[in-house]
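A.B. asks: Per numbering that gives the first Met the number 0, the sequence shown runs over residues 0 to 258.
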Amino acid sequence: MYLTSLYIRLFKFIINKISKTKKLFYLGTEYGGWHFIHNENLQNSLMISAGVGEDISFDIEMINKYKIKVILIDPTPRSIEHINKVSKSLGKSNTKEFLDGGSQPIEAYNLKDINKNDITFIKKALFNKSNQIVKFFEPPNANHVSHSISNWQNDFKKESKFIEVETISISDIVNFYNIDNIPLLKLDIEGAEIEVVNDMLKNKILPKQLLVEFDELYNNSLKGYLRATYIFFKLLINGYKLIKTNKFPNFLFVFTKLN
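1) Could I get the ranges of all uninterrupted alpha helix (DSSP H) runs contained in the stretch 171-231, with 4 residues as the minimum, in chain order?
2) According to DSSP, is LEU125 helix, strand or coil?
3) Take ASN237 and list the residues in its own chain whose beta-carbon comes closer than 6 Å to its own, dropping the five residues that flank it on each side.
4) Looking at LEU41 and PRO248, is the spacing between their C-beta atoms short of 8 Å?
5) What are the boundary residues of the beta strand (DSSP E) that includes SER102?
6) Just to confirm before moving on: does the CB-CB distance between SER170 and ASP187 stay below 8 Å?
7) Buried or exposed: GLY90, going by 16 or more other Cβ atoms within 10 Å of its Cβ?
8) Would you identify the three-state DSSP class for VAL69, choosing helix, strand or coil?
9) Skipping 5 residues on each side, what residues in its chain have a beta carbon closer than 7 Å to that of GLY101?
10) Ignoring anything shorter than 3 residues or poking outside the stretch 32-72, list the beta strand (DSSP E) runs there in chain order.
11) Going by other Cβ atoms of all chains shown within 10 Å of its Cβ, with 16 needed for buried, is TYR224 buried or exposed?
12) Check the DSSP bridge columns for VAL164 and list the partner residues they point to.
13) Under a Cβ-count criterion, where at least 16 other Cβ atoms within 10 Å of its own Cβ denotes burial, should HIS34 be classed as buried or exposed?
14) By a C-beta neighbour count over all protein chains shown, 10 Å radius and 16 as the cutoff for buried, is TYR176 buried or exposed?
Below you can see the structure in the form of structure tokens.
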């Protein structure tokens, strides 16, 4: 935990030195919500949200606030079931409150002004290559929903239980949907974020805001810190600023051309 404490202090020091902003907003539940910067370019635009589990409160509130179109990406069986239930409830107002934790009742989402054209759902795992069949390792706690390609949750043990899923890359998504501009990209993909961000930068896909959880930092392992630090500095040299870290290890990066 000492290493984690030093890591957090380092990032807070960097944030204080390089960035000051008063435009921060927060949407979603305590578990599934994210900080982002309010900007007019979000209005009537498109965002990509990878790794959605059973809490899409952030995505639904973004649609309601900005009339934004959302591409959701997650191959997890429980996530697929959750999104299917949401799709059947489109047009309905919320009748329940959000709960603590990562599993939300469908009735808690305000879906009154949301229709099927607002949400696209890709039942694949976001990774650095498409059309691969990869092992998607189950979490050690059966009550949890998030699976992982890197298997960081099981300390990278090869004998862990898994399902097999098909992958898709960010570049193929951009090409298939003819996306010219990504105002916001959210990555909560359980260890695959390192490969995805590296592929994103390699292909010059530069979302204006990047909301990313570096899951491997949870393990307090040297491997996780080295991988995260590598991609962190790669983002910096490609024009991103670290704006905020909250609920460590959730990070908000903003491309420097954002006004």
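Cβ coordinates follow ideal geometry from the N, Cα and C atoms, glycine included. Note that the structure is a prediction, hence the values are computed from the model and not measured.
C.D. replies: Let's see:
1) 192-201
2) strand
3) LEU200
4) no
5) Here SER102 belongs to no beta strand (DSSP E), and DSSP marks it neither H nor E.
6) no
7) exposed
8) strand
9) TYR30, GLY31, GLY52, GLU53, ASP54, VAL144
10) 33-36, 45-49, 68-72
11) buried
12) VAL133
13) buried
14) exposed
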